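Colleague: Attaching a single structure in structure tokens format; questions to follow.
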Amino acid sequence: MHQHFPHLIDLDNYPVSTWNSIINLAIDIKRNQHIYVGACNGRIMATLFYEPSTRTQMSFQSAMLRLGGGIIGFDNPATSSVAKGESIKDTTKIASSYSDIVVMRHFIEGSVKAAALTADCPVVNAGDGGHLHPTQTLTDLLTLRAEKGALSGLTVGFCGDLKNGRTVHSLLKALSHYENNKFVLISTDELKVPTYIKDRITAYGKEYIEVNSLEEAIPQLDVLYMTRIQRERFGSPEEYEKQKNVFCLDKRKMKAAKKDMIVLHPLPRVDEIALDVDDDPRALYFKQANYGMYVRMSLILSILNEDIQTQPLLVGENIPEIKCHNPKCITASEPSLPHSFRNNNGILECEFCDERILTEQCRFI
Ligand code: NCD
24 MHQHFPHLID LDNYPVSTWN SIINLAIDIK RNQHIYVGAC NGRIMATLFY EPSTRTQMSF
84 QSAMLRLGGG IIGFDNPATS SVAKGESIKD TTKIASSYSD IVVMRHFIEG SVKAAALTAD
144 CPVVNAGDGG HLHPTQTLTD LLTLRAEKGA LSGLTVGFCG DLKNGRTVHS LLKALSHYEN
204 NKFVLISTDE LKVPTYIKDR ITAYGKEYIE VNSLEEAIPQ LDVLYMTRIQ RERFGSPEEY
264 EKQKNVFCLD KRKMKAAKKD MIVLHPLPRV DEIALDVDDD PRALYFKQAN YGMYVRMSLI
324 LSILNEDIQT QPLLVGENIP EIKCHNPKCI TASEPSLPHS FRNNNGILEC EFCDERILTE
384 QCRFI
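In our numbering, each residue carries its 1-based index in the sequence shown increased by 23.
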């Protein structure tokens, strides 16, 4: 079987103590950058981006260059052998044999985990479809630590496309681990947070409420996390048209917010934050993007220095008779993958995309 590397597919691959160490190291790197120049001399990072990216890709590349390492890869699969029909598995296998760390973004849920199964070096998930985005979450955690001074005791509002927003999923899961956090989930009925994430919040003893008015929610928030409606994840242009422009944070709404509330956004922004909010000192989204570079320097360094314990990627059971029924899951397009499910109190969860399969539907259980 595959070798174990400290892959980062989901933040749950690492214990919370490791997230905290990565954040602490990032704070030190930001303060004392000169010490880390050359820390990755002679090492190579491959960035394989099958989906558009500005911040994630550039901040990873800048992070590695600042550490003295080199970079290879592609951001347009049309110019690589992907255009000739090469599978994700083969491309990653080769890229991982040319490099010390692979950073990958792909539009299929669970695809980065699937690639990691056969890679010859650590693989980092830079976003897999509408599923997860763990390094954006490290960025968000660092921003909260630096700007709010804590990762606990916060009332955090999430607004926008909570169904398809992978940054929302990863951050909600992560913040549920810290004490006394509460969540206000602001969306339309169509774009609510997936049930498995809501169950995770509850399982960690945290509370959430679901509302549809940003205006009513804003006064109670310590943090407002705005997100873009994820046009590329919609089934049809008509469905997107119905959802766009529903939420817009503007100067008037900011008046009702606490004096020390901060506004975060993973970016890119479309029209969910009016330009006049940018001058408000509470608008921290550009600063947040800059923190992303330091946290990625810290992550690269921690992985390459082998400061992170490895864990098996698949912990559940391979049940060949049962298929994940999420059409966006990598198991739908790569038939050779195991049908691997975790059993979560009688509910089977696909280990690639987290889709749930109720056990009543499975005559085998
Ligand atoms: C996000 C993404 O790609 O998921 N951007 C990012 O990585 N900073 C958010 C988005 O695309 O809306």
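Glycine included, each C-beta is placed from N, C-alpha and C at the ideal position.
The structure presented is a predicted model; accordingly, all values stated were derived computationally and were not measured.
Suppose you measure from the CA of Ile342 to the CA of Cys352; what does that come to, to the nearest Å?
Modeller: For Ile342 and Cys352, the distance between alpha carbons rounds to 16 Å.
Colleague: Cβ of Ser134 versus every heavy atom of the ligand NCD: is any distance shorter than 7 Å?
Modeller: The answer is no for Ser134.
Colleague: Which term fits Gly176, buried or exposed, when burial requires 16 or more other beta carbons within 10 angstroms of its beta carbon?
Modeller: Result: exposed.
Colleague: Compute the distance between the beta-carbons of Ser363 and Glu340, then report whether it is under 8 Å.
Modeller: It is a contact, given that the beta carbons lie within the stated cut-off.
Colleague: Using the Cα positions of Arg54 and Ile380, report the straight-line distance between them to the nearest angstrom.
Modeller: In a straight line, the C-alpha of Arg54 is about 47 Å away from that of Ile380.
Colleague: Mind listing which residues have their beta carbon within less than 7 Å of any non-hydrogen atom of the ligand NCD? Chain order is fine.
Modeller: Every residue passing the under-7 Å Cβ criterion appears here: Ser76, Arg78, Thr79, Gly150, His156, Gln159, Gly188, Arg189, Thr190, Thr250, Arg251, Gln253, Pro289, Leu290, Pro291.
Colleague: Please list, in chain order, all residues of the same chain as Ile326 whose beta carbon is under 7 Å from its beta carbon, the five residues on each side excluded.
Modeller: Result list for Ile326: Pro29, Ile124, Pro145, in chain order.
Colleague: Look at the Cβ atom of Pro291, then the Cβ atom of Arg254, and state whether they are nearer than 8 Å.
Modeller: Against a cut-off of 8 Å, the Cβ pair of Arg254 and Pro291 comes out as no contact.
Colleague: Quick check on DSSP: helix, strand or coil for Tyr219?
Modeller: Reduced to three states, the DSSP call for Tyr219 is helix.
Colleague: May I ask you to report which of helix, strand or coil DSSP gives Gly339?
Modeller: DSSP places Gly339 in coil when its eight states are reduced to three.
Colleague: Give me the Cβ distance between Leu185 and Lys215, rounded to the nearest whole Å; I'm assuming they're in contact under 8 Å.
Modeller: About 6 Å separates the two Cβ atoms, so the contact holds.
Colleague: How should Phe309 be labelled, buried or exposed, when 16 other C-beta atoms within 10 angstroms of its C-beta is the threshold for buried?
Modeller: So Phe309 counts as exposed.
Colleague: Which one or two residues does DSSP pair with Ala139 in a beta bridge?
Modeller: Note: Ala139 sits in no beta bridge, so no partner.
Colleague: For Val246, report the span of its beta strand (DSSP E) as first-last.
Modeller: Here the beta strand (DSSP E) through Val246 covers 246-249.
Colleague: According to the Cβ coordinates, are His288 and Met249 closer than 8 Å?
Modeller: A contact, by the Cβ cut-off of 8 Å.
Colleague: If you drop the 5 nearest sequence neighbours on each side, which residues of the same chain put their C-beta closer than 7 Å to that of Gly61?
Modeller: Here the set comprises Gly91.
Colleague: If we ignore side chains and look at the alpha-carbon of each, how far apart do Met391 and Leu71 end up?
Modeller: No answer is possible for residue 391: the residues shown for the chain start at 24 and end at 388.
Colleague: Among Gln332, Gly150, Asn43, Phe130, which residue has its Cα nearest to the Cα of Ile32?
Modeller: Comparing Cα-Cα distances from Ile32 to each of Gln332, Gly150, Asn43, Phe130, the minimum goes to Gly150.
Colleague: Would you tell me roughly how many angstroms separate the C-alpha atoms of Asn268 and Lys221, rounded to the nearest one?
Modeller: Approximately 25 Å between the Cα atoms of the pair.
Colleague: Starting from Lys192, trace the alpha helix (DSSP H) in both directions and tell me its first and last residue.
Modeller: It should be noted that the sequence gives His, not Lys, for residue 192. It spans 189-198 - the alpha helix (DSSP H) in which His192 sits, taken as one unbroken run.
Colleague: With distances taken between CB atoms, is the gap from Gly180 to Ala106 smaller than 8 Å?
Modeller: Result no, Cβ atoms of Gly180 and Ala106 do not sit closer than 8 Å.
Colleague: What three-state label does DSSP hand Gly315 in the structure shown?
Modeller: Reduced to three states, the DSSP call for Gly315 is helix.
Colleague: Under 8 Å: do the stretch 297-312 and the stretch 193-203 share three or more Cβ pairs, one atom per stretch?
Modeller: Not touching, per the Cβ criterion.
Colleague: What are the partner residues of Met320, as DSSP defines its beta bridges?
Modeller: DSSP lists no partner for Met320.
Colleague: Among His129, Ile209, Lys136, Glu109, whose alpha-carbon lies nearest the alpha-carbon of Ile232?
Modeller: The residue with the shortest Cα to Cα distance from Ile232 is Ile209.
Colleague: Note down, in chain order, each residue of its chain lying with its Cβ closer than 8 Å to the Cβ of Phe387, except the 5 sequence neighbours on either side.
Modeller: In this predicted model, Phe387 has a pLDDT of only 48, less than 50, meaning its place in the structure is not dependable; the value taken from the coordinates is given anyway. So the qualifying residues of the chain are Ile342, Glu344, Ile345.
Colleague: Rounded to a whole number of angstroms, what is the C-alpha to C-alpha distance between Asn43 and Thr211?
Modeller: Each residue's Cα considered, the two are about 33 Å apart.
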